[in-house]
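Worksheet for the structure shown next.
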Amino acid sequence: MGETQKDHNEKTTSSETDTSDSSFSTSMKCILVDIRGIESNNGKDENIIPAIKIVKAGHPQYVTTSLRTNSLKEKRHPTLRSLPWLEEAASSALQRLHACLCPKVQAEFYKLGLPSPGYVLLYGPPACGKTKLALAIAKELEMNPSLLCHKVIVKCGELVGEQAQAIRVAIQEAVVEALQCAPSLIILDDLDMAIPPNRNSEGGGPATSSLVLAEYLSDLLDTFRLIRRHQYDRFVAFLALAKEVSGLPPSLCSSGRFDLQIALSAPATRQRAAILAQELEHRGLICEDDIVSEIASKCDGYDTADLEVLVDRAVHAAAPRLLVSHIGGKIETSDGTRRQDSQKQKFGLLKEDFEQALDGFLPVSMRDIAKPSSKSGPLTWKDIGGLNDTCQTLKEMLELPVKYSKIFQKAPLRLRTGVLLYGPPGCGKTHVVGIAAAACSLRLVSVKGPEILNKYIGASEQGVRDLFAKASAAAPCILFFDEFDAIAPKRGHDNTGVTDRVVNQLLTELDGVEALNGVFVFAATSRPDLLDAALLRPGRLDRLLLCDFPSASERLEILEVLSRKLPLADDVNLDLVASLTENFSGADLQAVLSDAQLEAVHNFLSHETIKDASISESPNRPIITMEALKSVLLRARPSVSDHERRRLYSIYDSFISSRSSISEKVRDAKGKRATLA
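Following numbering that gives the first Met the number 0, the numbering of the sequence shown begins with 0 at its first residue and continues without gaps.
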């Protein structure tokens, strides 16, 4: 008996040893290659007879690797019921996949002469629920008595950096398992990481491994689609997951392949409330519906993973209270009442628990989009000196839609959300955007123009798309392009064509079919004459605000704002300083105060009698005197010379007059009838 067991173990070991990557490759050639070489007499697909047959090779050997769904250990198996906020996307995907896997549906397609449908691609930002939805869809197909579909998961993210042959073998292994357990669903998780688009540099280059893999996978998709067309009973469907459609080679997204592309966007307020309720239910917690809805409204830009972490943080915040209540034999519920403990009763979370959890917590996608603030506290409109007309326009634009939201919701017109700030350098264009975002409690997505440009074909346009997607996920927010003339010059003047494509992409995003709800697009430049005129037309960056050199009264306001936290002597006369700094910009005035503070430190060190080791502990501190300010003013010069200032004013006058003349020509052209005379 022991000898028989030993022989059995040796046979098992031998069979496992023989099961290698090459055997899987050979299996695939036997199954698939026979189809591709067949040609009919008249060249039509309808008359192709697939030369496929199943060869009995003994009992199937299931391979256990880290890429298999059998080895994927999930703490929770998501179902469609647990993902109510993805119901619409799940319904569309299930309808298509059911058509791909059901023999009766395929028979009807064949009788009617209709082409067999393609496969499904789920795309969206990280942690939006793509993998959960894919597993829930697979579970639904598995529980369907007419299908009993088997699922196979290929975790493409773990194949990044591997050779093309290794990735190909992994896909072949998945296909072999899917055929043995057909009908099957193959889930290609993070497909864009293993097979990215083939982006060569501007000069071009040879075909890469990405292109080879894309062709191989395209052949697989076409082959299984052909199998379904000829009523072969071993149906296999594919479900791919990616961050964006543009992250995959275009050949994979063509008709008959991954042609059903379903976007999973960031959850809205109602969807976030459903996610929070689901997470609370899973953890055995309770909370009032009003509290859940209120917390969900404060979680703009949060994805599924962020909301899970938020619930965990709320539980940790409530842990001391819940533990004390539990030890005492009673449980405090969300309405503040206390009742006897029992196995069926649940812990309750309060509003204070969620508020404590929100304090200091930023979602992953917004770690670099924190709301602007200063060390002295939150910024307000009072932190801007001068620029009164500009600030008033921005207040009306940013605050009124929030303050009177119901009135604006009833208005059918699209709000003007684009602003171009132009003016000489150092006059506060960038500063006023940061203050406006902080004063209106908006997030700020800021980028300098040259940061977008990339030497690879399509990468610059992708950067623009990513910025607008990031801003939409972070709404309400301001998307700010600094040094805008670097990325949006007039088209036709770039030899490489990079900036031309960037301008086209900007126009596409600004005129998108889906409105940028809650996203205000700001741009700043000192040379508006260099910008492409199409970007400044109505509906785009149509509000032009000049940030000019400050007048004497505005310079006084700027000095008062900048010196608010500085130690000034009683003899300091800011009015006199403002009168002596004609043609100084806001940045120049800040430099004057910084130099005066440094002068005060030098004077303090020269007159201080305390030993060097204890100077830092002295109760005295350096004070800025009028004498120090006058000394600095004698050396200070405006950063923009008179010649440069006159040139900029000439450019701005020509820019405004050209726009006025264009408007007049348009008005004059209205009503005139064109003739052939």
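Cβ atoms here follow ideal geometry from the backbone N, Cα and C, with glycine treated the same way.
The three-state secondary structure of GLY585, taken from DSSP, is helix. For SER445, the uninterrupted beta strand (DSSP E) segment begins and ends at 442 to 447.
The Cβ neighbour count for HIS149, taken over all protein chains shown within 10 Å, is at least 16; the residue is labelled buried. Note that the C-beta distance between ALA213 and ILE186 is not below 8 Å. By the neighbour-count criterion, in which a residue is buried when 16 or more other Cβ atoms sit within 10 angstroms of its Cβ, ASP305 is buried.
The beta carbons of GLN589 and LEU565 sit no closer together than 8 Å.
Counting C-beta pairs closer than 8 Å gives fewer than three between the segment 425 to 435 and the segment 528 to 536, which falls short of the contact rule.
A direct Cα-to-Cα measurement between PHE234 and ALA98 gives close to 10 Å. DSSP places ARG95 in the uninterrupted alpha helix (DSSP H) bounded by 86 to 100. If you draw a straight line from the Cα of LEU573 to the Cα of GLU243, it comes to about 55 Å. One Cα belongs to ALA635, the other to HIS601, and the distance between them is close to 18 Å.
Of the other Cβ atoms in all chains shown, fewer than 16 fall within 10 Å of the Cβ of VAL401; this residue is therefore exposed. Using a Cβ-Cβ distance cut-off of 8 Å, the segment 645 to 657 and the segment 517 to 529 are in contact, since at least three pairs of beta carbons, one from each stretch, lie closer than that value. Excluding the 5 residues flanking it on each side, GLN260 has same chain C-beta neighbours closer than 6 Å at LEU120, VAL244, in chain order. Considering only GLY433, GLU450, GLY422, the residue with the shortest C-alpha distance to ILE383 is GLY433. In this structure, THR580 keeps its C-beta atom at 8 Å or more from the C-beta atom of ALA599. The residues PHE479, in chain order, have a CB closer than 6 Å to that of SER445 in the same chain once the five nearest residues on each side in sequence are set aside. Apart from the 5 residues on each side of it in sequence, GLU556 sits with its Cβ closer than 6 Å to the Cβ of GLY384, GLY385 in its chain, given in chain order. Annotation for PHE353: the continuous alpha helix (DSSP H) segment containing it runs 350 to 357.
In the structure shown, ILE383 adopts coil according to DSSP, grouped into three states. Sequence-distant Cβ neighbours of GLY422 in its own chain, meaning closer than 7 Å and more than five residues away, are LYS428, SER525, LEU545, CYS546, ASP547. Annotation note: the segment 214 to 246 contains the following uninterrupted beta strand (DSSP E) runs of length 3 or greater, listed N- to C-terminal: 235 to 241. Per the coordinates, the alpha-carbon of ASP352 lies some 10 Å from the alpha-carbon of ASP358. Per DSSP, LYS469 is one residue of the alpha helix (DSSP H) stretching across 458 to 472. Rounded to whole angstroms, the gap between the alpha carbons of TRP380 and PHE521 is 17 Å. For LYS489 and ALA239, the gap between their C-alpha atoms comes out near 40 Å. Annotation: the continuous alpha helix (DSSP H) that includes LYS138 extends over 129 to 142.
Contact between VAL463 and VAL501 holds: their C-beta atoms lie close to 6 Å from each other, under 8 Å. Nearest to ALA436 by C-alpha distance, out of GLN179, VAL518, LYS405, is VAL518. Between the segment 132 to 144 and the segment 164 to 178 there are fewer than three inter-stretch CB-CB distances shorter than 8 Å, so the stretches are not counted as touching. For ILE261, the uninterrupted beta strand (DSSP E) segment begins and ends at 259 to 262. LEU361 is not a Cβ neighbour of LEU284, given a cutoff of 8 Å. Sequence-distant Cβ neighbours of ASN143 in its own chain, meaning closer than 8 Å and more than five residues away, are HIS97. The C-beta distance from ALA276 to ALA313 rounds to 13 Å, too long to fall under 8 Å, and the pair is not in contact.
CA-CA distance, ARG80 to ILE290, rounds to 22 Å.
Inclusion of GLN504 and GLU559 in the CB contact set at 8 Å is not warranted, their separation being larger than that value.
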